[in-house]
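The structure appears below as structure tokens.
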Amino acid sequence: MDVVVRTGGCLCGAVRYSVRGEPAHVRRCHCANCRKESGSAFTVYAIWPLEAFEMSGDISSFDGRGFCPRCGSRLLDTSEPGDTHIEIRIGTLDDAPFDLKPEDEIWVKRRESWILPVEGAAQYNEKAPRDTRSYDASPGPDCSGRSE
Ligand SMILES: [Zn+2]
Ligand SMILES: [Zn+2]
1310 MDVVVRTGGC LCGAVRYSVR GEPAHVRRCH CANCRKESGS AFTVYAIWPL
1360 EAFEMSGDIS SFDGRGFCPR CGSRLLDTSE PGDTHIEIRI GTLDDAPFDL
1410 KPEDEIWVKR RESWILPVEG AAQYNEKAPR DTRSYDASPG PDCSGRSE
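Under my numbering, the first residue of the sequence shown carries the number 1310, and numbering increases by one thereafter.
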């Protein structure tokens, strides 16, 4: 069986990565932090096992949020010791559309009135219940309590 490999990178091309296999989870987040970091109304990210991920180039980070120091593209959340998975902003995948669909949406109380819910996706007014993050040892910097 062929395992799908997806490639992605930043806008300027200094950072390139690949992910092997399907993600463990796909999520759309409307939290205040995701709005700020992306400059958009929400982010869409997916989580892959660390061993499925490869990267070339250097990234900088702010508060655990990794970006290309040259062009500023937001790419992924930098992993901490003990993390088993990595969270990637899937707008940086080369394929557009990326054909991955969010399984849930969080911080929907911050969702713009003109953005429709993703059909079939679980809806959480604030952060997701703890059990949906059981694939990750640490809660990560994203979308946590201070994202009011
Ligand atoms: Zn770049
Ligand atoms: Zn968020």
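Built from N, CA and C at the ideal position, the CB exists for glycine as well.
Bear in mind that the values here come from a model prediction, so they are computed numbers and not experimental data.
{"query": "Between which two residues does the beta strand (DSSP E) holding Cys1504 run?", "result": "Residue 1504 is absent from the model: the chain starts at 1310 and stops at 1457."}
{"query": "Alpha helix (DSSP H) containing Arg1344: first to last residue?", "result": "1341–1347"}
{"query": "If we ignore side chains and look at the alpha-carbon of each, how far apart do Glu1307 and Ser1422 end up?", "result": "Residue 1307 is absent from the model: the chain starts at 1310 and stops at 1457."}
{"query": "If we ignore side chains and look at the alpha-carbon of each, how far apart do Val1417 and Pro1378 end up?", "result": "30 Å"}
{"query": "Who are the Cβ neighbours of Arg1455 in its own chain at under 7 Å, not counting the five residues just before and after it?", "result": "Its pLDDT being 45, under 50, Arg1455 is placed unreliably by the model, and the measurement read from it follows with that caveat. If we look at Arg1455 and ignore the five residues flanking it on each side, it has no Cβ neighbours."}
{"query": "Does the region 1337–1356 come within contact of the region 1387–1404, defined as at least 3 CB pairs closer than 8 Å?", "result": "yes"}
{"query": "If you count every other CB in all the chains shown that lies within 10 Å of the CB of Gly1375, and 16 or more means buried, which is it?", "result": "buried"}
{"query": "Count the other CB atoms, across all protein chains shown, that sit within 10 Å of the CB of Asn1434; report buried if there are 16 or more and exposed otherwise.", "result": "exposed"}
{"query": "I need the DSSP call for Arg1419, collapsed to helix, strand or coil.", "result": "helix"}
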